[in-house]
Amino acid sequence: VAAARRDRRRRADAAALDNDREDAPEEEEDSPPPELPASVVLAQVDEYIASATTQKSGEFATAVAAVSAEFAVVSDAERDEVRDLGGLVVLGTERHESRRIDLQLRGRSGRQGDAGASCFIISLEDKMFNVFGKDKMQQLRSAFDFAGDPEEALSSDLLTKSLTSIQEKVENFYKDMRSSLFKYDKIVDSQRRLFYARRRKVLSANRTELAAIVADYAADTARDVLANATLATAQPLDLARAATAQLQLMFPAATLAIDAEITALLDVADLRPASVEAALARAAREGVSLQIDAIDAKADTDDTDLAAAVMRFMVLREFDRGWKDHLTSLELLREAVGFQALSQRDPYQEWVIKSNEEFQRLSAAIYRFSAITFLSLDPDVALVKRPAPPRDQP
Numbered sequence: 001v002a003a004a005r006r007d008r009r010r011r012a013d014a015a016a017l018d019n020d021r022e023d024a025p026e027e028e029e030d031s032p033p034p035e036l037p038a039s040v041v042l043a044q045v046d047e048y049i050a051s052a053t054t055q056k057s058g059e060f061a062t063a064v065a066a067v068s069a070e071f072a073v074v075s076d077a078e079r080d081e082v083r084d085l086g087g088l089v090v091l092g093t094e095r096h097e098s099r100r101i102d103l104q105l106r107g108r109s110g111r112q113g114d115a116g117a118s119c120f121i122i123s124l125e126d127k128m129f130n131v132f133g134k135d136k137m138q139q140l141r142s143a144f145d146f147a148g149d150p151e152e153a154l155s156s157d158l159l160t161k162s163l164t165s166i167q168e169k170v171e172n173f174y175k176d177m178r179s180s181l182f183k184y185d186k187i188v189d190s191q192r193r194l195f196y197a198r199r200r201k202v203l204s205a206n207r208t209e210l211a212a213i214v215a216d217y218a219a220d221t222a223r224d225v226l227a228n229a230t231l232a233t234a235q236p237l238d239l240a241r242a243a244t245a246q247l248q249l250m251f252p253a254a255t256l257a258i259d260a261e262i263t264a265l266l267d268v269a270d271l272r273p274a275s276v277e278a279a280l281a282r283a284a285r286e287g288v289s290l291q292i293d294a295i296d297a298k299a300d301t302d303d304t305d306l307a308a309a310v311m312r313f314m315v316l317r318e319f320d321r322g323w324k325d326h327l328t329s330l331e332l333l334r335e336a337v338g339f340q341a342l343s344q345r346d347p348y349q350e351w352v353i354k355s356n357e358e359f360q361r362l363s364a365a366i367y368r369f370s371a372i373t374f375l376s377l378d379p380d381v382a383l384v385k386r387p388a389p390p391r392d393q394p
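Under the numbering used here, the first residue of the sequence shown is numbered 1, with each subsequent residue one higher.
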């Protein structure tokens with residue numbers, strides 16, 4: 001359909017061109033050839049390409065050369081017309097924030113020795129000049145005599161230098177802003193690299209590695225619970241009882257392992273906090289092993305990696321949820337550290353310290369919630385066996 005439309009358009013343009021030639025007066029022999037309409041040239045291009053694709057590949061260069069020749073006729077005529085008119089003239093109505101952009105715009109005229117010119121016509125009330133050079137603009141207004149025609153254009157080297165200096169001030173302002181953003185983003189980038197390295201480790205881990213990762217998360221959580229319990233009591237036995245009660249609520253699947261470890265500690269004469277910590281960490285790891293066995297018992301014979309899939313899903317969910325919350329916290333922190341300058345503190349140093357603290361809290365939250373979610377799972381309720389597929393009817 002498209003080829004038929006191009007063919008009809010080409011024929012119509014060719015007929016119009018023939019009619020113009022018949023109605024036009026006779027020209028001398030040395031007159032230039034008439035200019036081809038763009039639609040005719042494009043139709044010829046389509047014909048050349050169609051013929052090149054249907055014929056041998058060796059004739060493609062001939063088709064390309066023919067297309068180049070057809071376009072050369074049109075482009076040469078347009079170039080001569082622009083040259084006769086004086087070349088390309090670039091008119092600017094405002095200055096860009098970067099001088100490089102203005103110079104590139106000026107460079108569009110007079111390229112490669114062609115004729116051309118460029119001129120900027122700017123108002124002294126331009127937004128950029130009023131924001132970054134309001135005082136200087138007021139001085140320039142008072143320096144020039146406006147008693148004449150208010151529409152009269154002003155042209156002065158002093159005015160040009162003043163506008164250029166204001167433009168340089170704008171460039172330096174945005175350069176400092178970009179440098180500051182880059183400094184702040186380097187901290188986030190380092191956190192991002194470390195975070196995604198940990199996440200990729202979980203993605204590529206096998207069953208044994210995932211079990212070790214979750215067991216480490218559970219042991220670290222047990223140590224944190226014990227550290228929080230030391231704020232209330234310093235006696236090792238009371239410390240063990242308080243931490244045990246808290247962990248049994250957090251790790252229902254590790255209740256038996258925790259009871260066994262604490263029962264063994266009651267027979268120790270000289271009980272120390274380090275012994276309590278080691279016992280709770282062992283109980284948390286044992287609870288992960290018991291939970292994996294319970295999940296395997298609910299799995300079908302074909303679901304040999306059901307426990308690995310459950311662990312990977314729960315850990316990755318906490319990774320993704322925690323990272324989104326972390327980015328939100330960093331945005332709020334980035335706005336808050338700016339006020340540290342009022343108390344004679346370096347906002348960047350405050351950003352480094354507090355952002356690292358936020359990342360440590362993120363890491364602690366990920367392993368804590370991953371362990372709690374996995375050890376709180378009830379395989380009898382959460383995991384339901386799939387119904388057996390129907391047998392094929394004879």
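Ideal Cβ placement from N, Cα and C applies to all residues, glycine included.
Residues near residue i in its chain [Cβ-Cβ closer than 8 Å; skip 5 each side]
i	result
E335	none
G87	S109, G110, D114, A115, G116 and A117
E26	Residue placement at E26 is flagged as unreliable, the pLDDT there being 48, under the threshold of 50; a coordinate-derived value is accordingly withheld.
L203	R312 and L316
I372	T221, M250 and F251
L226	L239, A243, P273, V276, E277 and L280
A341	P347
F173	F132
9 Å Cβ cutoff met for residue i and residue j
i	j	result
F374	H326	no
A245	V288	no
R199	P236	no
F195	L333	no
R223	E171	no
I262	A279	yes
E286	A254	yes
I101	A211	no
Residue i versus residue j: straight-line alpha-carbon distance, rounded
i	j	result
A66	A72	10 Å
P318	K169	Looking at the sequence provided, one finds Glu at residue 318 rather than Pro. Answer to the nearest angstrom: the Cα atoms are 47 Å apart.
A240	M177	54 Å
T328	D216	27 Å
L85	A77	13 Å
H96	R79	29 Å
A242	N206	35 Å
S190	L256	41 Å
D270	M314	40 Å
D259	I213	23 Å
S98	K175	10 Å
Q344	A197	37 Å
S75	E81	10 Å
K186	D135	37 Å
Q349	K324	24 Å
K201	T62	57 Å
S179	I353	19 Å
Own chain, CB closer than 7 Å to residue i, minus 5 neighbours either side, in chain order
i	result
I295	L306, A307, V310, P379 and L383
L330	V188, S355 and E358
A365	G322
Y367	Y217, D220 and T221
M106	As written in the sequence, residue 106 is Arg, which differs from the Met given in the question. Hits under 7 Å: V90 and S118.
Identity of the residue in the options nearest residue i by Cα
i	options	result
P252	A242, P273 and L290	L290
D320	Q167, R192 and D76	R192
V90	Q104, A77, S370 and E70	Q104
K183	S370, A260, R368 and W351	W351
R282	K298, L265, A242 and A297	L265
L181	P347, E70, A365 and L377	P347
K161	F129, V74 and R207	F129
L158	K175, A211, Q139 and S179	Q139
T93	C119, T164 and S68	C119
D126	G322, I292 and L163	L163
A229	I213, V214 and L247	L247
S156	K186, F173, L124 and A197	L124
L154	F173, S179, I121 and D185	I121
R83	Q112, F173, I353 and S68	Q112
Beta-carbon proximity list for residue i, same chain, < 6 Å, skipping 5 on both sides
i	result
F132	I166, K169 and V170
F369	E318
S376	P252
G338	P347
Sequence ranges, beta strand (DSSP E) only - wholly within the segment 291-329, length at least 3: Runs found: none.
Alpha helix (DSSP H) segments (min. 4 residues) lying fully within the segment 185-229: DSSP runs (the alpha helix (DSSP H)) wholly in the segment 185-229: 207-229.
Inside the segment 66-99 only - alpha helix (DSSP H) runs reaching at least 4 residues: Listed in chain order, nothing qualifies, since the segment 66-99 has no complete alpha helix (DSSP H) run of 4 or more residues.
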